[in-house]
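Report on one structure; see the data block that follows.
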Amino acid sequence: MSDLGGFSMFDLFREEAETHCASLEAGLLKLEADPGDGGVAIEPLMRAAHSVKGAARIIGLDIAVGLAHAMEDVFVAVQDGKEVLVSERVDQLLSGTDLLRSLSELDETAIEGWSTQNGPRIAETIAALEKAVAPGSPIEAPPPVEAPGEVPEEVPAEVSSVVEASAGPPAPTPPAVSEVSETEAPAEQDEESRTVRVDSGRLERMMQLAGEVMITSRRFQGIRERAADFDQRLEGMESGVGSALREDGDPLGALRKEIDDGRLAVTGLIDDLDGLLRRTEEISADLYGQVLGSRMRPFEDGGHGFPRMIRDLAKKLGKKVRFEVQGGRTRVDREILASLEAPLTHVLRNAVDHGIELPEARRAAGKPETATLVLEARHHAGMLLVRVREDGGGIDPESLRRKIVERGFVDAAMASRLDGPELHDFLFLPGFSTASAITEVSGRGVGLDVVQSMVHEVGGAVRVESTLGVGTTFELQLPVTRSVVRAALVEVDGEPFGLPLARLSRVTRVPASEITTVEGRRQFQHEGGMIGLIRFASLLGLSETEGDPEVESVVVVGDSTGRCGLVVDRFLGEQDLVVRRLDSRFGSVPHVGAAAMLEDGSPLFILDVEDVLKSIRQLLGDGRLRGTGRDRISSEEVRAKRVLVVEDSITVREVERQILVQMGLEVETAVDGVDGWNALQSGQYDLVVTDIDMPRMNGIELVTTLRADERFKTIPVIVVSYKDRESDRLAGMQAGADAYLTKGSFREGSFVTAVRDILGIDS
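Residue numbers (the working numbering): 255 to 1017.
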């Protein structure tokens, strides 16, 4: 095929086919919703099909020419009143559109194979369309319009579609149609905007250069300040010379004149620098804004396929759904937009499958048969807020609790105490599903954990709100762009680091008097809960420096699943950082997400908060936490330390006893909580190690009893259990344990580490 300046004719066809197929799909969904729109709505579809036909003819794609021609004939028949676009016909036309669109995804060398593979399906589609417009073909009546009382009163903000389908075999009455209505016209454009394709790599380099220009322009301020300082020094020299002249006559007159001339020159330099600085900042900011704007796309560009997907899925499930997109013109970085497609697909499919009821169930609940599903995007507090909300049945908290207990995540008692947000967090666990049966659509436990993972990858967060009988809302909070990030700057071991503000809960200074020690590490109270403290230098593998002993600088990170406080040397303020990806040759650098340049030209790392949290959770799970700085004792002094092991399993009891004996400790054992409690009455111990599940008195009851008795309030307790859920650990800590470990800790060495830390034993 012909080549036009590096673009083949097929390249041009692909681009044109993609554009026209998008118009065909959107127009068909709109006509299915409102078949009475007549010639006004059908005209663009005729033009689109005709254009695809002409383009296919130019490159010799006869099979595509025939399909586009058959589609065009149907549109002509509809315009002439000889055909009505019932749901069945829309299905056929959408099938034809899908076939034409698939051409735009091919390489030129794959055309022949595509034609062979899709030939039978194309022929079948053409035959069905030709039959519809054949002379004497009966005109199918349009489907009945839903009663006004059943239509929601809310007016869609931008794009809406109603998708209705019947389950089971088709009834004699044609199935209800889809609706795509637009109640808010897109912003009018006086003239067609001209576009040019830019290689993404080149655009990325332009972005970096624009950011560097902006940063470099700020360095003029430093030059100006140095010039002003020099001016002050000259003024001081001039004053000194003046004093000398008054005392000694006029021997330094020439020097004074030179100083005056120098001052005038410096003053002129400062004035010139001021003007240059202002202009350079304006230009660089404008340049950066223009380049950044070139990366931004309307939110709706990332969801062209959603109306069709929801229509088809609802029809398959026998549900009626009105789909609305609000805030479609909200500008989003193309990289963020691309990352959103997969998680939003999961959430929208879940909404149709799990959230929205069947029409008969909605009628019984006093709701309209047609459910409303809204996809909303807007900017809020410098972030992109994306919501998916539906007016379905909502999440049943009791049903969710039963599922959680059945899966063994928590016991029934703990599940009964979980509130809404805590319950909803379980929805994001890998493999968790509320579906009662596995189907093609759902039930395999794949979806929401992927959503959370993808959102976290781009520095965002996701949460769920639901009311039984009213509906459910998924909210995704993401950065508007990954090119610039607003970050808190901190110093650790003399080095600056950036932490994205969107992932921080609080930056604060904690007095030493408010810090307590639990589980061998420090913690402080924050917003009604206890936040553990970890020295950031230790986590990053840097040297710990002595800070202010009276107050700690703390960055609180985390989400609803858990938070912790990172102790840093000092805060350096906030700043917008131009993100620079690390060279791929570095590979994956732990805890580091990207790099940036400060205004003075010095580099710094932007930390990956999610990776930091992952490391912290691993430390907590393994028990590998640093000591609290308490005085250590030597191995010669260990002999005096006595440990009580309370464990009903003889095997585990013996393993623990031998490990502790090898550490040089004196060990006594008890077979259950009651036996352990009796042992404590008659002996003195420096540490208690207990299981949870035991007869007569379990470990939680034992720890609670110890903490209620003044004699044993301060004795350290380590809980060692097979239960490794966060809720189990939380129950142990709330009862008063100093550490909670799993029985795998014997193999990993974290049991020994915890004992040493709590007793202050040197390794």
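Cβ coordinates follow ideal geometry from the N, Cα and C atoms, glycine included.
The C-alpha of residue 857 is placed about 55 Å away from the C-alpha of residue 964.
Selection 731, 308 and 512 evaluated against residue 630 yields 731 as nearest (Cα-Cα). For residue 765, the enclosing beta strand (DSSP E) begins and ends at 758 to 765.
Here residue 830 has 738 and 740 as same chain residues with Cβ atoms under 7 Å from its own Cβ, once five neighbours each way along the sequence are excluded.
Between residue 948 and residue 902, the C-beta spacing is below 8 Å.
Across the set 538, 797 and 788, the C-alpha of 788 shows the shortest separation from the C-alpha of residue 811. Counting only residues of its own chain and dropping the five nearest sequence neighbours on each side, residue 683 has a CB closer than 8 Å to the CB of 663 and 703.
Cβ contact annotation for residue 458 (same chain, cutoff 6 Å, sequence separation greater than five): none. Here residue 749 carries a strand assignment [DSSP, helix/strand/coil]. Looking at the DSSP output, residue 725 shares a beta bridge with 721.
Boundaries of the alpha helix (DSSP H) around residue 954: 953 to 962. Here residue 597 is near residue 705, since their CB atoms are less than 8 Å apart. Rounded to whole angstroms, the Cβ separation of residue 833 and residue 850 is 6 Å, and the two are in contact under 8 Å. Nearest C-alpha to residue 759 among 672, 671 and 863: 863. Of the other Cβ atoms in all chains shown, fewer than 16 fall within 10 Å of the Cβ of residue 385; this residue is therefore exposed.
Contact annotation, residue 913 with residue 974: C-beta distance approximately 11 Å; criterion of less than 8 Å not satisfied. The DSSP assignment places complete beta strand (DSSP E) segments of no fewer than 3 residues inside the segment 507 to 583 at 550 to 552 and 575 to 580, in order along the chain. Between the segment 272 to 292 and the segment 362 to 376, the count of C-beta pairs closer than 8 Å stays below three; the two stretches do not touch. Between residue 895 and the set 908, 906 and 921, the nearest pair of CA atoms involves 921.
DSSP, reduced to helix, strand and coil, places residue 810 within a strand of the structure shown.
Rounded to whole angstroms, the Cβ separation of residue 721 and residue 643 is 11 Å, and the two are not in contact under 8 Å.
Contact check between the segment 299 to 307 and the segment 578 to 595: fewer than three CB pairs, one atom from each, fall below 8 Å, which does not count as touching. In the structure shown, residue 365 adopts helical secondary structure according to DSSP, grouped into three states. Under the three-state reduction of DSSP output, residue 924 falls in the strand class. Taking a C-beta distance under 8 Å as the contact criterion, residue 619 and residue 752 do not qualify as a contact pair.
A direct Cα-Cα distance of roughly 8 Å separates residue 605 from residue 627. Taking the CA atoms as reference points, residue 990 sits about 49 Å from residue 612. Residue 941 and residue 769 have their C-alpha atoms spaced approximately 23 Å apart. Nearest in C-alpha terms to residue 534, of all of 488, 464 and 487, is 464.
Judged by DSSP secondary structure, residue 826 falls within the beta strand (DSSP E) whose first and last residues are 824 to 832.
Counted as a single uninterrupted DSSP element, the alpha helix (DSSP H) harbouring residue 678 occupies residues 674 to 679. By DSSP's assignment, residue 818 forms a beta bridge with 786 and 811. The beta carbons of residue 562 and residue 283 sit closer together than 8 Å. Shortest Cα-Cα distance from residue 333 to any of 359, 868 and 297 involves 297. A distance below 7 Å between beta-carbons, with the five flanking residues on each side excluded, links residue 790 to the following residues of its chain, in chain order: 746, 820, 821 and 822. Comparing alpha-carbon positions, the option among 321, 762, 311 and 278 lying closest to residue 301 turns out to be 278.
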